[in-house]
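K.L.:
In my numbering, the protein residues as written are 1082 to 1269.
We treat Cβ as the ideally placed atom computed from N, Cα and C, and that holds for glycine.
In this text the structure is predicted, and so the values were computed from the model without any measurement.
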Amino acid sequence: LQGGSAAGESGVDRGGVRDDDTGRCLPPAGSRMRGAEGGDMHLGTNDDGREVCAEQLMSTPVLAVTAEHSLPAAWQAMRERQVHHLVVLDEHGLAAVLDDRMLAARWPAGGPEVAYSMRVGALVTRGVRSVLPDEPASAVARIMMEGRCDAVPVVTAAGILLGLVTATDLVAALARGAAAAPAAVPAG
1082 LQGGSAAGES GVDRGGVRDD DTGRCLPPAG SRMRGAEGGD MHLGTNDDGR
1132 EVCAEQLMST PVLAVTAEHS LPAAWQAMRE RQVHHLVVLD EHGLAAVLDD
1182 RMLAARWPAG GPEVAYSMRV GALVTRGVRS VLPDEPASAV ARIMMEGRCD
1232 AVPVVTAAGI LLGLVTATDL VAALARGAAA APAAVPAG
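1) Can you tell me whether DSSP reads R1257 as helix, strand or coil?
2) Compute the beta-carbon to beta-carbon distance between V1235 and L1245, rounded to the nearest angstrom, for a pair I have assumed lies under 8 Å.
3) Given a cut-off of 8 Å, decide if R1200 and E1149 are closer than it, judged by their beta-carbon atoms.
4) Using a threshold of 8 Å, state whether the C-beta atoms of H1166 and A1232 are closer than that.
5) Taking the CB atoms as reference points, tell me whether R1207 and A1176 lie closer together than 8 Å.
6) Considering only their Cβ atoms, is the gap separating P1189 from E1136 smaller than 8 Å?
7) For V1169 versus V1146, is the C-beta distance shorter than 8 Å?
8) Compare the C-beta of Q1137 with all C-beta atoms of chain C and state if any pair is closer than 8 Å.
9) Is A1218 buried or exposed, if buried means 16 or more other CB atoms sit within 10 Å of its CB?
10) Given a threshold of 16 other Cβ atoms within 10 Å of its Cβ, counted over all protein chains shown, does E1194 qualify as buried or as exposed?
11) When DSSP labels each residue in this structure, what does T1237 get in the three-state scheme?
12) Going by C-alpha distance, which of A1253, L1152, D1180, C1134 is nearest V1143?
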């Protein structure tokens, strides 16, 4: 079990649109999304007017396991560190994100020996979407919505794992005012 690690290029979809002149990530067209109540939702801006980015939201350090770890080893790591997500690394680097719900739902029947013989790599679907540190928070939220996931790895351009933005990180940003709440929708 390890903290942040190098992640290879293979299987890593960085998402986002690059500005060819600056190399910085641009927010997707109309970087607003519909809130749960139907109003527009947009994430707050920094002092320089740019939208809050992944690097400002991400949780660190990231706890990682390899695809070869047993299910009980992954569960124990989550419990000891009190985290809900583990990054899964394979021979190519960043492979997937494993959450506690997936682990619990897919826990095999048949006693402890079955769980110890099953590997994390058998549970996860490889090919996780990741973002660069300057990816706008709204783009990270969109990846979560489209991918039906609640954690997105943050990596450098070289593929080095820096952190993990979770749905909890986004909610915390809303709570502390780094993001604006959905606008009220007029009745009628």
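P.N.:
Working from what's here:
1) Reading the sequence shown from its first residue, position 176 is the one you call residue 1257. The answer is coil: DSSP assigns R1257 none of H, G, I, E or B.
2) Here residue 1235 refers to the residue found at position 154 of the sequence shown. Here residue 1245 refers to the residue found at position 164 of the sequence shown. About 7 Å; that satisfies the 8 Å criterion.
3) Your numbering for residue 1149 matches position 68 in the sequence shown. Your numbering for residue 1200 matches position 119 in the sequence shown. Yes, the Cβ-Cβ distance between E1149 and R1200 is below 8 Å.
4) Start at 1 with the first residue of the sequence shown, and residue 1166 comes out as number 85. Start at 1 with the first residue of the sequence shown, and residue 1232 comes out as number 151. Against a cut-off of 8 Å, the Cβ pair of A1232 and H1166 comes out as a contact.
5) Counted from its first residue, the sequence shown places residue 1207 at position 126. Counted from its first residue, the sequence shown places residue 1176 at position 95. Yes; because the gap between Cβ atoms is below 8 Å, this pair is in contact.
6) Reading the sequence shown from its first residue, position 55 is the one you call residue 1136. Reading the sequence shown from its first residue, position 108 is the one you call residue 1189. No. Outside cutoff.
7) Here residue 1169 is taken as the residue at index 88 of the sequence shown, counted from 1. Here residue 1146 is taken as the residue at index 65 of the sequence shown, counted from 1. A contact, by the Cβ cut-off of 8 Å.
8) Absent here is chain C; the protein component of the structure consists of one chain.
9) The residue labelled residue 1218 in the question sits at position 137 within the sequence shown. Classification of A1218: buried, given that the 10 Å Cβ count is 16 or more.
10) As a first step, residue 1194 is located in the sequence shown; it is residue number 113 there, counting from the start. Its Cβ having fewer than 16 others within 10 Å, E1194 is exposed.
11) Here residue 1237 corresponds to residue number 156 of the sequence shown, with the count starting at 1. Coil, per DSSP.
12) Along the sequence shown, one-based indexing puts residue 1143 at 62. Ranking A1253, L1152, D1180, C1134 by Cα distance to V1143 puts D1180 first.
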